[in-house]
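Peer 1:
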Amino acid sequence: MPHNIAILGASGYTGAELVRLIAGHPELEIAALSADRKAGQTMASVFPHLRHLDLPDLVRIEEIDFGGIDLCFCALPHATSQAVIAELPRDVRVIDLSADFRLRDPADYEKWYGKPHAAPELQKEAVYGLTEFYRPEIAAARLVAGTGCNAATGQYALRPLIAAGVIDLDDIVIDLKAAVSGAGRSLKENLLHAELSEGYNAYGLGGTHRHLGEFDQEFSLIAGRKVEVQFQPHLVPANRGILASVYVRGSVQAVHDTLAGAYEGEPFLHVLPMGEAPSTHHVRGSNIVHVGAVADRRAGRTVVFAALDNLTKGSSGQALQNANLMLGHDERAGLDMVPLFP
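Going by UniProt numbering, the sequence shown opens with residue 1, and the numbers climb by one from there.
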């Protein structure tokens, strides 16, 4: 029997991406879809590219009968998931795609998101959802917190290097370019075509971007001491994709060897040949991450690159990968899409 799935917040980009992925999954069936402003509409009217699928109509969360739901994806805006998940039945497993449970310490959540955590008891059971590094914990979890898409990209470039001690932990710069879909589907003036196209801009200036909370948490945990990276994201006029260029002090050979060893056998992590850099074009629409290492002209300095699709591996694909672990399915089920090119 297939597992019944609910998607809360299905009218957003990550919700639509979940539907796209689950449609190709042999063991999952979408039983309920929720929306706020678009409640009462069909998914075909909200996302015409899904009109060929037999999907339930969008309803409000309170209209869903969770009695027959095995797992719920929560694709709601930040600062709303905590209260919603707290009211779900305890036998429903949950994957939250927002930032509401990513930071283990509620004080860190308040620091980065500007308000007290609304469900600190739930936070204690939440597992950080970076699949390749938390598989056993995710498989056993009731609540999994999906990572930030920027945070995931930077971590794929750096986690093995920090763990192996092959780079200087006090000299790390993450320069990241992110596509516009990472900002969500809500109308925002700065995301209008006339204001975004034909240029790109930095945002989260001076170390204010919230994904720094995840970098601080995860990198310090790996190193066993405080690690603070310099991080500057940029918004680019593209629909999908993230490219991180990470500047480190360390031997390019040691960096490349460490990454290749760490990701050997991983189904979605691919380390490029030495000296090659990835492109977002080559991972678009897929759950694949490309990682590369290139020597700088200065001895002992290396640039590490990581590219992924923010809506797939950075969010909804990661969520489905985690759901597969939680429900006992093949981790790759529903995720073996070949990237779209061009």
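C-beta: ideal position from N, C-alpha, C; glycine also.
Specify the secondary structure class of Gln-123 as computed by DSSP and reduced to three states.
Peer 2: Within the sequence shown, numbered from 1, the residue matching residue 123 stands at position 123. Of the three classes helix, strand and coil, the one that applies to Gln-123 here is helix, per DSSP.
Peer 1: Excluding the 5 residues preceding and the 5 following Gly-146 in the sequence, name in chain order all residues of the same chain whose CB lies nearer than 7 angstroms to its CB.
Peer 2: Position 146 of the sequence shown holds residue 146. The answer, listed in chain order, is Ile-95, Asp-96, Leu-97, Gly-129, Ser-315, Gln-318 and Ala-319.
Peer 1: Could you tell me the alpha carbon to alpha carbon distance between Asp-296 and Asp-54, rounded to whole angstroms?
Peer 2: Counting from 1 along the sequence shown, the entry for residue 296 is found at position 296. Counting from 1 along the sequence shown, the entry for residue 54 is found at position 54. Going by the C-alpha atoms only, they are around 52 angstroms apart.
Peer 1: In whole angstroms, give me the CA-to-CA distance for Ala-157 and Gly-40.
Peer 2: Position 157 of the sequence shown, counted from the start, is the residue given in the question as residue 157. Position 40 of the sequence shown, counted from the start, is the residue given in the question as residue 40. Distance between the alpha carbons of Ala-157 and Gly-40 is about 43 angstroms.
Peer 1: What is the residue span of the alpha helix (DSSP H) that Glu-17 lies within?
Peer 2: Against the sequence shown, residue 17 aligns to sequence position 17. It spans 13-22 - the alpha helix (DSSP H) in which Glu-17 sits, taken as one unbroken run.
Peer 1: Which stretch, first to last residue, makes up the alpha helix (DSSP H) that contains Ile-5?
Peer 2: Here the question's residue 5 lines up with position 5 in the sequence shown. Run containing Ile-5: none in the alpha helix (DSSP H); it sits in the beta strand (DSSP E), 3-8.
Peer 1: Taking 8 angstroms as the limit between beta carbons, can you name the residues of its chain near Val-236, skipping five residues before and five after?
Peer 2: The count along the sequence shown starts at 1 and reaches residue 236 at position 236. Correct list, in chain order: Lys-177, Ala-178, Ala-179, Val-180 and Tyr-200.
Peer 1: Distance check for Ala-16 and Gly-184, CA to CA, integer angstroms please.
Peer 2: Indexing the sequence shown from 1 puts residue 184 at position 184. Indexing the sequence shown from 1 puts residue 16 at position 16. If I take the Cα positions, the gap works out to 12 angstroms.
Peer 1: Pull the bridge partners of Gln-232 from the DSSP assignment, please.
Peer 2: Translated into the one-based positions of the sequence shown, residue 232 becomes position 232. For Gln-232, which the question treats as bridged, DSSP gives the partners Asp-175.
Peer 1: Taking only three categories from DSSP, how would you classify Tyr-263?
Peer 2: Locating residue 263 in the sequence shown gives position 263, counting from the first residue. Helix, per DSSP.
Peer 1: Note down, in chain order, each residue of its chain lying with its Cβ closer than 8 angstroms to the Cβ of Glu-276, except the 5 sequence neighbours on either side.
Peer 2: Here the question's residue 276 lines up with position 276 in the sequence shown. Result list for Glu-276: Gly-292 and Val-294, in chain order.
Peer 1: Beta-carbon separation of residue 343 and His-3 under 8 angstroms?
Peer 2: Because the chain in this structure spans residues 1 to 342, residue 343 falls outside the shown range and cannot be described.
Peer 1: To which residues of the same chain is Asp-108 closer than 6 angstroms at the C-beta, ignoring the five residues directly before and after it?
Peer 2: For the purposes of this step, residue 108 is identified with residue 108 of the sequence shown, where counting begins at 1. For Asp-108, where only same-chain residues beyond five positions count, the Cβ hits under 6 angstroms are Gly-213.
Peer 1: Tell me the rounded alpha-carbon separation between Tyr-263 and His-256.
Peer 2: Taking the sequence shown and counting its residues from 1, one reaches residue 263 at position 263. Taking the sequence shown and counting its residues from 1, one reaches residue 256 at position 256. Rounded to whole angstroms, Tyr-263 to His-256 spans 11 angstroms at the Cα level.
Peer 1: If we ignore side chains and look at the alpha-carbon of each, how far apart do Ile-30 and Phe-66 end up?
Peer 2: Position 30 of the sequence shown, counting from 1, holds the residue named residue 30. Position 66 of the sequence shown, counting from 1, holds the residue named residue 66. The alpha-carbon atoms of Ile-30 and Phe-66 are separated by roughly 12 angstroms.
Peer 1: Kindly indicate which residue of His-282, Pro-339 and Ile-22 has the alpha-carbon position closest to the one of Asn-322.
Peer 2: Stepping through the sequence shown from its first residue, residue 322 is reached at position 322. When each option's Cα is compared against that of Asn-322, the closest is Ile-22.
Peer 1: Quick check on the DSSP output: the alpha helix (DSSP H) that includes Tyr-113 runs from which residue to which?
Peer 2: Translated into positions along the sequence shown, residue 113 becomes position 113. Start and end: 106-113.
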